[in-house]
Amino acid sequence: MAHYLVIVESPTKVKTIKKFLGSNYTVMASNGHVRDLPKSQLGIDVEHDYEPKYITIRGKGEILAELRKEVKKADKVYLATDPDREGEAISWHLMHALKLENKKTYRITFNEITKNAVKSSIKNAREIDMNLVDAQQARRALDRVVGYRISPLLWAKVKRGLSAGRVQSVALRIIADREEEINAFIPEEYWSLDACLKVKGERKPLTAKFYGTADEKMTIHSEQEVNQILAELEHEDYYVENVKKGERLKKAPVPFTTSTMQQEASNALNFATQKTMRIAQQLYEGITIKGSGTVGLITYLRTDSTRISEEADALAKSYIAENYGEEYVGSGSTTAKDDKKIQDAHEAIRPTDITRTPAMVKESLSRDQFRLYQLIWKRFVASRMKAAKYETTSVKIGAGKYRFTVAASRIVFEGFRSVYVESGEEKPENNVLLKSLDKDSELSCDHFDKKQHFTQPPAHYTEASLVRKLEELGIGRPSTYAPTISTIIARRYVAKEGKNLYMTEIGEVVNNIMKESFPAIVDVNFTANMEGLLDCVAEGKVEWKSVIENFYPDLEAAVKKAEKELESVKIEDEVTDVICEECGRNMVVKYGPHGKFLACPGFPDCRNTKPYLEKVGVACPKCGKEIVYRKTKKGRRYYGCEGYPECDFMSWQKPSEKKCPKCGGYMLEKGNKLVCADEQCGYVEQKSSDN
Numbered sequence: 001m002a003h004y005l006v007i008v009e010s011p012t013k014v015k016t017i018k019k020f021l022g023s024n025y026t027v028m029a030s031n032g033h034v035r036d037l038p039k040s041q042l043g044i045d046v047e048h049d050y051e052p053k054y055i056t057i058r059g060k061g062e063i064l065a066e067l068r069k070e071v072k073k074a075d076k077v078y079l080a081t082d083p084d085r086e087g088e089a090i091s092w093h094l095m096h097a098l099k100l101e102n103k104k105t106y107r108i109t110f111n112e113i114t115k116n117a118v119k120s121s122i123k124n125a126r127e128i129d130m131n132l133v134d135a136q137q138a139r140r141a142l143d144r145v146v147g148y149r150i151s152p153l154l155w156a157k158v159k160r161g162l163s164a165g166r167v168q169s170v171a172l173r174i175i176a177d178r179e180e181e182i183n184a185f186i187p188e189e190y191w192s193l194d195a196c197l198k199v200k201g202e203r204k205p206l207t208a209k210f211y212g213t214a215d216e217k218m219t220i221h222s223e224q225e226v227n228q229i230l231a232e233l234e235h236e237d238y239y240v241e242n243v244k245k246g247e248r249l250k251k252a253p254v255p256f257t258t259s260t261m262q263q264e265a266s267n268a269l270n271f272a273t274q275k276t277m278r279i280a281q282q283l284y285e286g287i288t289i290k291g292s293g294t295v296g297l298i299t300y301l302r303t304d305s306t307r308i309s310e311e312a313d314a315l316a317k318s319y320i321a322e323n324y325g326e327e328y329v330g331s332g333s334t335t336a337k338d339d340k341k342i343q344d345a346h347e348a349i350r351p352t353d354i355t356r357t358p359a360m361v362k363e364s365l366s367r368d369q370f371r372l373y374q375l376i377w378k379r380f381v382a383s384r385m386k387a388a389k390y391e392t393t394s395v396k397i398g399a400g401k402y403r404f405t406v407a408a409s410r411i412v413f414e415g416f417r418s419v420y421v422e423s424g425e426e427k428p429e430n431n432v433l434l435k436s437l438d439k440d441s442e443l444s445c446d447h448f449d450k451k452q453h454f455t456q457p458p459a460h461y462t463e464a465s466l467v468r469k470l471e472e473l474g475i476g477r478p479s480t481y482a483p484t485i486s487t488i489i490a491r492r493y494v495a496k497e498g499k500n501l502y503m504t505e506i507g508e509v510v511n512n513i514m515k516e517s518f519p520a521i522v523d524v525n526f527t528a529n530m531e532g533l534l535d536c537v538a539e540g541k542v543e544w545k546s547v548i549e550n551f552y553p554d555l556e557a558a559v560k561k562a563e564k565e566l567e568s569v570k571i572e573d574e575v576t577d578v579i580c581e582e583c584g585r586n587m588v589v590k591y592g593p594h595g596k597f598l599a600c601p602g603f604p605d606c607r608n609t610k611p612y613l614e615k616v617g618v619a620c621p622k623c624g625k626e627i628v629y630r631k632t633k634k635g636r637r638y639y640g641c642e643g644y645p646e647c648d649f650m651s652w653q654k655p656s657e658k659k660c661p662k663c664g665g666y667m668l669e670k671g672n673k674l675v676c677a678d679e680q681c682g683y684v685e686q687k688s689s690d691n
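And the structure:
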């Protein structure tokens, strides 16, 4: 009887797949990669056509020995690693490590771990796709040369333990640019004006928002302007100018891609990107469900496609018709229109079986597994449903030359919203009074409500909004978002406080070095173009080594130039006037992975260290002591009083010595301007070179 060997990546998949195949199949796991570039050296032979040097990963010898034993017994070997470029490369490495060149060896891929998908993949077995392997080799080689050539420079410049990465450096730059934008932002004052109107015959008042004049929309910039409008409205009559009724459709969302799943799991469930990917991997590989054994609950989790197979689409629509009614079934397919090349054209992320509802599997899942599965299931069901229908009413109210508006909408058909509502979606305004309003309604003004507001700076990046930005810019791929973000947080270049990401002092230093010495690597367009080139390699249009060949000489020249220039500005230990209380020496400023600190120069005899409080040359506005740089527990920098905890002054922006000429309060430096710390005052002036 013929004997076949199927090699997958993960031991969890072994359990799931074994159920679907006969007794003549043996299923084993490689536990991920088996070969890689050596850690101790560059591993890319730049002198000889950029040939990579692969070695067996330490600790994988035993697994490979077990696999070789099974290979000898097998008539055919099926390599069933993940259905993407990295999976293709793992299969290729297995082929070499297990010496399968003269063995009947086939590559199989499945987008979901179900009986039909696995059996169908064996029927449609193919050869390894060397274009996909080469695209992965090119990515690995690019990341290696960037990391191994630039990281030693950071060690020399800032101290040991730092690193640079091709995609992580761009992500850091994006966060740094947003911080600069926020720090330079100057709030602008504006006012809102609401008229509380009485409608004859109605007990409830109607609130109308100020719009402007009959000809144009107006923004009210100051209290003076709002008071002038109020004076002009004092004796005016109020009347309904027009009532517009309409209909609005809100389309069903598209099913999840890796990026949108990470964003929604962050917003709705408060999951970090890495946690989302870890749990999605468990749902994909297989969960033991009571009564069903080990079952793969979702399709492959690394995808930027919104496509759904015809079979899954048909099953979803029949499920919706049966459980919600024919009128809820969407017409056509819901996919995102996108000009971008979709990598490895998978399906979107969806449940493998739509009839396996979250409630049915809840007992078999952990709380987090259940919440993510429920999110994926609901989103997929919603994507196959009809749009939600709203009835909208918009009323324009006249008062002299000015106009006020009232708008409301109510749902007349729930559509997909009966299953799924996206996090952060605003509830429609439902003003019951609008039903009875028409041109004959008699209105009178009861009172006005005026409020001062200030424009807000751009929001700090969260993991979700950073993933969205990276995807928009075409940087990285579905598999790279989570490791990129977790790396810059783990290196302490970025601090995560609540959901927000903030630059740390060490992150600022690294980003400045990268911008100064390696502008191409942190250039957003350059990195996006590089992704485009890797896509061309995957399509067989570009030879992979030519990508490295065109990139490496420029990198090498930049490294050599930086080595000369950076040596001249290498940080020396700065001697301070702080005396070490243990041995009496003057303490020096050192740089550690978390930033600057004070250390005794007598190390290792004296190991005394202290936090470094760097003075900024400005007196505390509260108590007159010195303002110093301080850091939150997570490493985000702020300005505080050296007298803390007695004085609790703190500011995210640097305070200025100059007092506000308008209110006498203290001022803050924002970019090239000085701004009064009191938003109500709103005084702004250009920063002179003396400030």
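In UniProt numbering, the protein residues as written are 1 to 691.
All residues carry an ideal CB built from backbone N, CA and C; glycine is no exception.
- If Lys60 sits next to Val27, beta carbons under 8 angstroms apart, how far is it from one beta carbon to the other, in whole angstroms? Taking the sequence shown and counting its residues from 1, one reaches residue 60 at position 60. Taking the sequence shown and counting its residues from 1, one reaches residue 27 at position 27. Incorrect: roughly 18 angstroms between the Cβ atoms, too far for contact.
- Given 8 angstroms, three or more beta-carbon pairs between the stretch 236 to 246 and the stretch 395 to 402: yes
- By the 10 Å Cβ neighbour count, where 16 or more other Cβ atoms means buried, how is Met130 classified, buried or exposed? Looking up residue 130 in the sequence shown gives position 130. The residue in question, Met130, is exposed, as its Cβ has fewer than 16 Cβ neighbours within 10 Å.
- Can you check DSSP and say which residues form a bridge with Trp191? The count along the sequence shown starts at 1 and reaches residue 191 at position 191. Ile220, Gln452, per the DSSP bridge assignment.
- Message: With the cut-off set at 8 angstroms, would you say Phe20 and Lys99 are in Cβ contact?
- Response: What you label residue 20 is simply residue 20 of the sequence shown in a count that begins at 1. What you label residue 99 is simply residue 99 of the sequence shown in a count that begins at 1. Against a cut-off of 8 angstroms, the Cβ pair of Lys99 and Phe20 comes out as no contact.
- Message: Buried or exposed for Ser688, going by 16 or more other Cβ atoms inside 10 Å?
- Response: The residue you call residue 688 lines up with position 688 of the sequence shown. Classification for Ser688: exposed.
- Item | Among Asn227, Cys196, Asp368, nearest to Thr276 - alpha-carbon criterion | One-based indexing of the sequence shown puts residue 276 at position 276. When only C-alpha atoms are compared, the closest one is Asp368.
- Item | Own chain partners of Ser479 with C-beta closer than 6 angstroms, once the 5 adjacent residues on each side are dropped | Within the sequence shown, residue 479 is the residue found at index 479, counting from 1. Only Arg302 meet the Cβ criterion.
- Roughly how far, in whole angstroms, is the beta-carbon of residue 700 from the beta-carbon of Tyr638, given that I think they are within contact range, below 8 angstroms? What the structure shows of the chain is the stretch from 1 to 691, and residue 700 is not part of that stretch, so it cannot be assessed.
- Any idea what DSSP makes of Cys606, helix, strand or coil? In the sequence shown, counting from the first residue as 1, residue 606 sits at position 606. DSSP places Cys606 in the coil class of the three-state scheme, outside both helix and strand.
- What residues are listed by DSSP as bridge partners for Glu626? What you label residue 626 is simply residue 626 of the sequence shown in a count that begins at 1. According to DSSP, Glu626 bridges with Ala619.
- Item | As assigned by DSSP and simplified to three states, the class of His93 | Within the sequence shown, residue 93 is the residue found at index 93, counting from 1. Of the three classes helix, strand and coil, the one that applies to His93 here is helix, per DSSP.
- Give the DSSP-derived three-state secondary structure of Ala272 in the structure shown. The sequence position of residue 272 within the sequence shown is 272, counting from 1. In this structure, Ala272 counts as coil in the three-state DSSP scheme.
- Item | Burial state of Lys244 (16 or more Cβ within 10 Å) | Against the sequence shown, residue 244 aligns to sequence position 244. The residue is exposed, with fewer than 16 neighbouring Cβ atoms inside 10 Å.
- Item | Runs of beta strand (DSSP E) lying entirely within the stretch 247 to 316, each at least 3 residues, in chain order | 287 to 289, 293 to 295
- Task: Locate the alpha helix (DSSP H) running through Thr527, then write down its first and last residues.
- Result: Translated into the one-based positions of the sequence shown, residue 527 becomes position 527. In the DSSP assignment, Thr527 falls within the alpha helix (DSSP H) that extends over 524 to 538.
- Going along the chain, which unbroken runs of the beta strand (DSSP E) with 3 or more residues stay wholly within the stretch 468 to 516? 494 to 497, 500 to 503
- Message: Let me confirm a value: Trp544 is counted as buried when at least 16 other C-beta atoms fall within 10 Å, else exposed. Which label applies?
- Response: In the sequence shown, counting from the first residue as 1, residue 544 sits at position 544. Buried is the call here.
- Does the distance from the CB of residue 692 to the CB of His346 come in under 8 angstroms? A query on residue 692 cannot be resolved here, the shown segment of the chain reaching from 1 to 691 and no further.
- N- and C-terminal bounds of the beta strand (DSSP E) containing Gln374: As a first step, residue 374 must be located in the sequence shown, where it is residue number 374. Segment 367 to 383 is the alpha helix (DSSP H) holding Gln374; no beta strand (DSSP E) there.
- Message: Bridge partners for Glu669 per DSSP, in chain order?
- Response: Position 669 of the sequence shown, counted from the start, is the residue given in the question as residue 669. BP columns for Glu669 point to Leu674.
- Query: In the DSSP assignment, what are the bridge partners of Pro351?
  - Reply: Here the question's residue 351 lines up with position 351 in the sequence shown. Residue pairing of Pro351 in beta bridges, as defined by DSSP: Ile298.
- Query: To which residues of the same chain is Tyr211 closer than 7 angstroms at the C-beta, ignoring the five residues directly before and after it?
  - Reply: Translated into the one-based positions of the sequence shown, residue 211 becomes position 211. Closer than 7 angstroms at Cβ, skipping near neighbours: Lys217, Arg403, Phe404, Thr405.
- Message: Just list the residues that DSSP pairs Asn242 with in beta bridges.
- Response: Taking the first residue of the sequence shown as 1, we reach residue 242 at position 242. Under DSSP, Asn242 shares a beta bridge with Lys396.
- Task: With distances taken Cα to Cα, identify the nearest neighbour of Gln282 among Leu598, Val675, Ser10, Glu582.
- Result: In the sequence shown, the residue the question calls residue 282 occupies position 282. Gln282 has its Cα closest to that of Ser10, out of Leu598, Val675, Ser10, Glu582.
- Compare the beta carbon distance of Thr273 and Ile485 with 8 angstroms and say whether it is the shorter of the two. Taking the sequence shown and counting its residues from 1, the one referred to as residue 273 is at position 273. Taking the sequence shown and counting its residues from 1, the one referred to as residue 485 is at position 485. Result yes, Cβ atoms of Thr273 and Ile485 sit closer than 8 angstroms.
- Item | Cutoff 6 angstroms; reference Asp344; Cβ partners in own chain excluding five residues on either side | Taking the sequence shown and counting its residues from 1, one reaches residue 344 at position 344. Summary for Asp344: the model assigns pLDDT 42, below 50, so the residue's position carries little reliability; its value from the coordinates is reported in the next sentence. Contacts found: Asp84.
- Task: Go ahead and label His93 buried or exposed: buried means 16 or more other beta carbons lie within 10 angstroms of its beta carbon, across all protein chains shown.
- Result: On the sequence shown, residue 93 is found 93 positions in, with the first residue counted as 1. So His93 ends up on the buried side.
- Item | Val46 versus Ala348: straight-line alpha-carbon distance, rounded | The residue given as residue 46 occupies position 46 in the sequence shown. The residue given as residue 348 occupies position 348 in the sequence shown. Rounded to whole angstroms, Val46 to Ala348 spans 39 angstroms at the Cα level.
- Message: Cutting at 7 angstroms between CB atoms, please list the residues of its own chain near Asp449, excluding the five before and the five after it.
- Response: Indexing the sequence shown from 1 puts residue 449 at position 449. Cβ within range, chain order: Asp194, Cys196.
- Message: Could you tell me the alpha carbon to alpha carbon distance between Asp134 and Gly532, rounded to whole angstroms?
- Response: The sequence position of residue 134 within the sequence shown is 134, counting from 1. The sequence position of residue 532 within the sequence shown is 532, counting from 1. Annotation: Asp134 to Gly532 spans about 14 angstroms, alpha carbon to alpha carbon.
- Message: Here's a check: name, in chain order, each residue in its chain whose Cβ is nearer than 6 angstroms to the Cβ of Gln452, leaving out the five neighbours to either side.
- Response: One-based indexing of the sequence shown puts residue 452 at position 452. If we look at Gln452 and ignore the five residues flanking it on each side, its Cβ neighbours are Trp191.
- Item | Enclosing beta strand (DSSP E) for Ser688 [first to last residue] | Working through the sequence shown from its first residue, we reach residue 688 at position 688. Here Ser688 belongs to no beta strand (DSSP E), and DSSP marks it neither H nor E.
- Item | One or two residues paired with Gly212 in a DSSP bridge | As a working note, residue 212 is residue 212 in the sequence shown. Note: Gly212 sits in a beta bridge opposite Lys217, Arg403.
- Query: By a C-beta neighbour count over all protein chains shown, 10 Å radius and 16 as the cutoff for buried, is Asp75 buried or exposed?
  - Reply: Counting from one through the sequence shown, the residue named residue 75 turns up at place 75. Result: exposed.
- Task: State the CB to CB distance for the pair Ile113 and Gly291, rounded to an integer number of angstroms; the pair is presumed to be in contact (CB under 8 angstroms).
- Result: For the purposes of this step, residue 113 is taken as the residue at position 113 of the sequence shown. For the purposes of this step, residue 291 is taken as the residue at position 291 of the sequence shown. 18 angstroms between Cβ atoms; not a contact.
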